[in-house]
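Colleague: First residue of the sequence shown? That's 234 in this note's numbering, and the numbers climb one at a time after it. Just so you know, even glycine gets a beta-carbon here, dropped at the ideal spot from N, CA and C.
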Amino acid sequence: MAKPFFRLQKFLRRTQFLLLFLTAAYLMTGSLLLLQRARVALPQGPRAPGPLQALPVAAMALGVGLLDSRALQDPHVSPELLLDVDVLRSPLARPRPGPHWLRSRNSELRQLRRRWFHHFMGDPQGPPVLGPEAPRPAASSRGTYVGCFSDDGQERTLKGAVFFDLRKMTISHCQDACAERSYVYAGLEAGAECYCGNRLPAMSVRPEECNHECKGEKGSVCGGVGRLSVYRVEELQPGSRKWRTVTYRGCFRLPENITHAFPDSLIQANVTVETCSGFCSQKEFPLAILRGWECYCAYPTPQFNLRDAVDSSLCGQDPEVQRLAEYCKVYQTPVQDTRCTDRRFLPTKSKVFVALSSFPGAGNTWARHLIEHATGFYTGSYYFDGTLYNKGFKGEKDHWRSRRTICVKTHESGRREIEMFDSAILLIRNPYRSLVAEFNRKCAGHLGYAADRNWKSKEWPDFVNSYSSWWSSHVLDWLKYGKRLLVVHYEELRHSLVPTLREMVAFLNVSVSEERLLCVENNKEGSFRRRGGHPHDPEPFTPEMKDLINGYIRTVDKALRDHNWAGLPREYVPR
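As C-alpha cells, then:
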C-alpha cells in the first residue's frame with residue numbers, strides 16, 4: 234500500500250513543479266511584452282524582429298491572468314492596455330444585445346467608462362509614418378496641394394473650422410468640409426485632424442516633414458506632428474455643391490461709430506446678400522451687414538451684440554431709402570467666429586478637481602462646448618467617447634484624473650464617486666426632456682432619433698421606470714455629498730446664455746473678456762444638436778409615467794430649497 238502511495242506523491246510533486254515552471258515562463262514572456270509596449274529601449278541588432286515581438290501584449294496578459302475585470306476598472310491601468318483588452322475579447326464573451334437600461338445603472342456606467350473609443354481608432358500608437366519619399370496628394374483629391382507648413386497652435390491661421398476623425402479621415406473629407414463652409418484652404422494634421430481657413434500658415438517647411446498617413450486613406454499624407462498638409466479647395470461640381478446657407482439674423486439699429494464697429498466694408502452698386510456674404514466670408518467675418526448699397530463685415534461686440542432686434546419693416550426694401558436710414562440687415566455667414574475657437578490643455582495641473590455633473594440627456598456635451606470656447610481650455614470626461622473626440626473634444630483622449638482639463642464630465646452619483654471632486658457644476662434639466670433626449674441617444678446615437686418601434690415597444694416604459702428615479706437620486710446625491718456646488722439649470726443657460734455662462738466661468742476661476750463670451754454666443758449651437766422634426770409622438774408619456782416623474786420633480790425641488798438654492802424653474806412644474 235505504501236509503494237503506490239509513494240508513486241502518487243512523486244507524480245504530484247512533478248506536476249506541481251511543471252505547472253510552476255510553465256506559469257513562470259508565461260509571466261516572464263508577458264512582462265517582456267509589456268516592456269516592449271511601453272517603448273523601453275532594448276538593444277536591437279540588425280536582424281528583423283522575431284515573431285514574439287509581434288504578439289499583442291494584451292493577448293499574453295490575458296493568457297496568464299494579468300488583466301481581469303478589476304484591472305479594467307482601475308483608473309491607473311494604462312489606456313493602451315485597456316484598449317487592447319477590449320479589442321481582443323471574443324464576441325462570445327460580450328453581453329448579448331438588448332436594452333442597456335434593463336441592467337443596473339452602475340453596471341452600465343462601468344461599461345461606458347471602459348468602452349473607450351476603440352471603434353474610432355485603428356492603431357493606439359498613432360498614425361503610421363510614411364517613408365522618406367515626397368508626400369503625394371490622393372488621386373481622388375479635388376483640391377490643389379500647396380505644401381507642408383508648420384502649425385503653431387497659439388497663432389494658428391487655419392482655425393475657422395476644426396474636426397477630428399481617428400478612423401476615417403481622408404483628404405477629400407477635409408476638403409469637402411472646408412468647402413461647405415466657404416473656406417479657401419484645408420489643412421490636415423497628424424493623420425486625423427482637419428483645419429479650415431482663408432489664410433495660409435506663415436512658415437513653410439520641408440515636404441518630408443509631413444509624413445503621417447491619413448487614417449482613412451492609405452498611401453496619402455495628412456500632415457505630421459505640428460505639421461499641416463495644406464490644400465487649396467476647388468469649388469465642388471455644380472451638381473453636388475453644398476454651400477451652407479446664409480442665415481438672416483434680423484434688422485438692427487446701426488452703432489454710433491460704424492468705422493469702429495465694422496472693421497471691413499464693400500460699397501458698390503447692386504450689392505446683393507450673396508455678394509456681401511461672400512466678401513465677408515473671404516475675410517473670415519461671421520456677420521455680413523447690408524444698408525442700401527453698403528456692405529459691412531463684423532463680429533458681435535458689446536456695441537453691436539445683436540440682442541435688440543427691431544421690426545424688419547424699418548430696414549425697408551428700397552436700397553436708396555435704406556441707405557439713408559439708421560437701420561441695417563444682418564446675416565450670419567457660413568464662417569465660424571474664430572475669436573473663441575482656440576483651445577488647449579491647462580499649462581499646469583489644476584489644484585482644484587472640478588466635475589461637470591449631470592443626468593444623461595441633460596445637455597452636458599453642449600455645456601462642455603460652451604465652457605471650452607469660453608475659457609479656451611479643454612474639458613475632460615469620465616467615459617472617453619470617441620464620437621465626441623472626433624467632433625473636437627480633444628480632452629476625451631486624456632485620462633479623466635490627469636487634471637489637465639478645466640473640468641470633467643460625469644454622470645456618476647454615490648458618495649465615493651462624488652467626494653473624489655473638490656467642486657462641481659451641477660447641470661439640471663427638465664426630466665421629461667432629459668428622458669426623451671437620452672432615449673434618442675441610446676437608440677440612434679448623439680444626433681439621431683429613436684424609431685417608432687422603440688417608442689411603442691416595452692423598451693420605453695422600462696426605460697422611464699428605471700431612469701426617472703436616477704434623475705432624482707443623481708441630484709439628491711450631489712446636493713448631499715458635493716463639497717462646493719454651482720447649480721445650473723439647462724433652461725436658464727438656453728434663455729440667458731451670456732449671464733449664466735459668465736457665472737460658470739467665474740466658478741471655474743477663469744477670467745474671460747466680454748468679446749469672447751459674445752463669440753461663444755455666436756457659436757452657441759456646437760456639433761451635437763439634433764436637427765429636423767421629431768419623428769415620434771411629442772407626448773410619449775402615459776398618465777402613470779407622469780405621476781411617477783412629477784413625484785420626483787417635487788422631491789428634487791424641495792431638496793434644492795432645503796439646501797438654500799432656488800427651486801426648479803416653473804416649467805418643471807408637474808403637467
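Going residue by residue through the segment 585-663, where are the continuous alpha helix (DSSP H) segments of at least 4 residues, counting only ones entirely within it?
Modeller: Segments of the alpha helix (DSSP H) lying fully in the segment 585-663: 597-608, 619-623 and 648-652.
Colleague: Using the C-alpha atoms, what's the distance from residue 503 back to residue 622?
Modeller: Their backbone Cα atoms lie some 45 angstroms apart in a straight line.
Colleague: From the DSSP output, in three-state form, read off residue 427 for me.
Modeller: Strand at residue 427.
Colleague: According to DSSP, is residue 758 helix, strand or coil?
Modeller: Note: residue 758 maps to coil in three-state DSSP.
Colleague: Residue 508 and residue 528 - do their beta-carbons sit closer together than 9 angstroms?
Modeller: Yes, the Cβ-Cβ distance between residue 528 and residue 508 is below 9 angstroms.
Colleague: Note the first and the last residue of the continuous beta strand (DSSP E) segment covering residue 459.
Modeller: Careful: residue 459 lies outside any beta strand (DSSP E) and carries neither H nor E.
Colleague: Going by C-alpha to C-alpha distance, which of 735, 752 and 449 sits closest to residue 531?
Modeller: Nearest option by C-alpha distance: 752.
Colleague: At which residues does the alpha helix (DSSP H) containing residue 785 begin and terminate?
Modeller: Note, residue 785: alpha helix (DSSP H), 776-795.
Colleague: For residue 527, list the residues DSSP reports as bridge partners.
Modeller: DSSP lists 500 and 524 as partners of residue 527.
Colleague: Is the CB-CB distance between residue 597 and residue 660 below 9 angstroms?
Modeller: Yes, these two residues count as a Cβ contact at 9 angstroms.
Colleague: If you drop the 5 nearest sequence neighbours on each side, which residues of the same chain put their C-beta closer than 6 angstroms to that of residue 436?
Modeller: Closer than 6 angstroms at Cβ, skipping near neighbours: 383.
Colleague: According to DSSP, is residue 294 helix, strand or coil?
Modeller: At residue 294, the pLDDT of 36 sits below 50, so the modelled position is not reliable and the matter cannot be decided from this model.
Colleague: In three-state DSSP terms, what is residue 712?
Modeller: Helix, per DSSP.
Colleague: Note the first and the last residue of the continuous alpha helix (DSSP H) segment covering residue 377.
Modeller: Run containing residue 377: none in the alpha helix (DSSP H); it sits in the beta strand (DSSP E), 377-383.
Colleague: Are the segment 430-445 and the segment 573-584 touching, with three or more C-beta to C-beta distances below 8 angstroms?
Modeller: No: the two stretches stay apart, fewer than three of their Cβ pairs being nearer than 8 angstroms.
Colleague: If you draw a straight line from the alpha carbon of residue 592 to that of residue 676, how long is it in whole angstroms?
Modeller: Near 17 angstroms, if we compare the C-alpha coordinates of residue 676 and residue 592.
Colleague: CA-CA distance, residue 601 and residue 730?
Modeller: About 13 angstroms.
Colleague: Going by DSSP, which residues form a beta bridge with residue 465?
Modeller: The partner list for residue 465 (beta bridge, DSSP) reads 377 and 418.
Colleague: From 517, 612, 655 and 668, pick the residue whose C-alpha is nearest to that of residue 595; which is it?
Modeller: Per the Cα distances, 668.
Colleague: Return the residue from the list 742, 721 and 737 that minimises the CA-CA distance to residue 799.
Modeller: Comparing Cα-Cα distances from residue 799 to each of 742, 721 and 737, the minimum goes to 721.
Colleague: Are the CB atoms of residue 589 and residue 657 within a distance shorter than 9 angstroms?
Modeller: Yes, the pair counts as a contact, with Cβ atoms nearer than the cut-off.
Colleague: Check whether the segment 486-506 and the segment 693-704 touch, using three or more Cβ-Cβ pairs below 8 angstroms as the test.
Modeller: Touching, no, given that fewer than three Cβ pairs across the two stretches are closer than 8 angstroms.
Colleague: Please state whether DSSP places residue 558 in a helix, a strand or coil.
Modeller: Three-state result, residue 558: coil.
Colleague: Just curious, the beta strand (DSSP E) that residue 485 is in, first and last residue?
Modeller: Counting along the chain, the beta strand (DSSP E) containing residue 485 begins and ends at 480-486.
Colleague: Per DSSP, what are the beta-bridge partners of residue 577 in this structure?
Modeller: Answer by DSSP bridge pairing, in chain order: 610.
Colleague: Alpha carbon to alpha carbon, what distance is there between residue 783 and residue 806?
Modeller: When rounded, the distance between both Cα atoms is 8 angstroms.
Colleague: How long is the line joining the alpha carbons of residue 441 and residue 561, rounded to whole angstroms?
Modeller: Near 50 angstroms, if we compare the C-alpha coordinates of residue 561 and residue 441.
Colleague: So the candidates are 510, 715, 254 and 255; which of them puts its Cα closest to the Cα of residue 655?
Modeller: The option with the nearest alpha carbon to residue 655 is 715.
Colleague: Answer with buried or exposed for residue 207, where buried requires no fewer than 16 other C-beta atoms within 10 angstroms of its C-beta.
Modeller: This structure leaves residue 207 out entirely; the chain is present only between 234 and 808.
Colleague: Is the Cβ-Cβ distance between residue 376 and residue 404 less than 9 angstroms?
Modeller: The answer is yes: Cβ separation under 9 angstroms.
Colleague: Looking at the secondary structure, which residues open and close the beta strand (DSSP E) in which residue 452 lies?
Modeller: 450-454 is the span of the beta strand (DSSP E), which, as asked, contains residue 452.
Colleague: At the level of alpha carbons, what is the spacing between residue 744 and residue 736?
Modeller: Cα to Cα, residue 744 sits roughly 11 angstroms from residue 736.
Colleague: Pick out whichever of 381, 566 and 407 has its Cα sitting closest to the Cα of residue 461.
Modeller: Residue 381 is the option with its Cα nearest to residue 461.
Colleague: Quick one: grab the DSSP three-state call for residue 445.
Modeller: Three-state DSSP puts residue 445 in a strand.
Colleague: Can you confirm whether the segment 389-405 touches the segment 442-455 when touching is taken to mean that 3 or more C-beta pairs between the two stretches lie within less than 8 angstroms?
Modeller: They touch, by the three-pair rule.
Colleague: Give a yes or no on whether the C-beta atoms belonging to residue 399 and residue 619 are separated by under 9 angstroms.
Modeller: In contact: residue 399 and residue 619 (Cβ atoms closer than 9 angstroms).
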